[in-house]
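Residue numbers (this note's numbering): 138 to 236.
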C-alpha cells in the first residue's frame, strides 16, 4: 500500500520530519506544505536529511508555500499546485497527514 505523507509543521519546532523520513516506504512520497517548506532552507540540517534520501525520495512541495517563504524547489523535487496536490492524493492508496 502506497502512502502520501503530508507535513505542514516547521522542521525546526519538532521531530515530525525526521520521524516521517524513518517510516517512508520505497513507494511512498512526501509532500511539504505550510511551514514544512522551511526544511528547504539552504545549509539547514532538515535540507541535508532530505538530500541524503534524494536518490530514492519522491518529494513534492506545494508551490504556493515555496513562493510565500521565498524558497526554491530543489532540482530533485517537484513543486506542485493545488490541483496536482489533489491528483497526488488520488494516486496514492493512503494519505497520512502528520498533524
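Just so it is clear, CB atoms sit at the ideal spot from N, CA and C, and this is done for glycine as well.
{"query": "Indicate whether residue 142 and residue 165 have their beta-carbon atoms separated by less than 8 Å.", "result": "yes"}
{"query": "When you compare the CB positions of residue 118 and residue 184, do they come within less than 8 Å of one another, or not?", "result": "With the chain covering 138 to 236 only, the question about residue 118 has no answer from this structure."}
{"query": "DSSP on residue 176, reduced to helix/strand/coil?", "result": "helix"}
{"query": "Report whether the distance from the Cβ of residue 228 to the nearest heavy atom of the ligand FAD is below 7 Å.", "result": "Of ligands this structure carries none, so the ligand FAD is not represented either."}
{"query": "Please classify residue 170 as buried or exposed, where buried requires at least 16 other C-beta atoms within 10 Å of its C-beta.", "result": "buried"}
{"query": "Run through the stretch 148–202 for me and flag every whole alpha helix (DSSP H) of 4 or more residues, listed as ranges in chain order.", "result": "153–160 and 182–189"}
{"query": "With 16 other CB atoms within 10 Å as the buried threshold, where does residue 219 fall?", "result": "exposed"}
{"query": "Take residue 177 as the anchor and find which of 235, 210, 205 and 138 has the nearest alpha-carbon.", "result": "210"}
{"query": "What's the gap between the Cα of residue 206 and the Cα of residue 227?", "result": "27 Å"}
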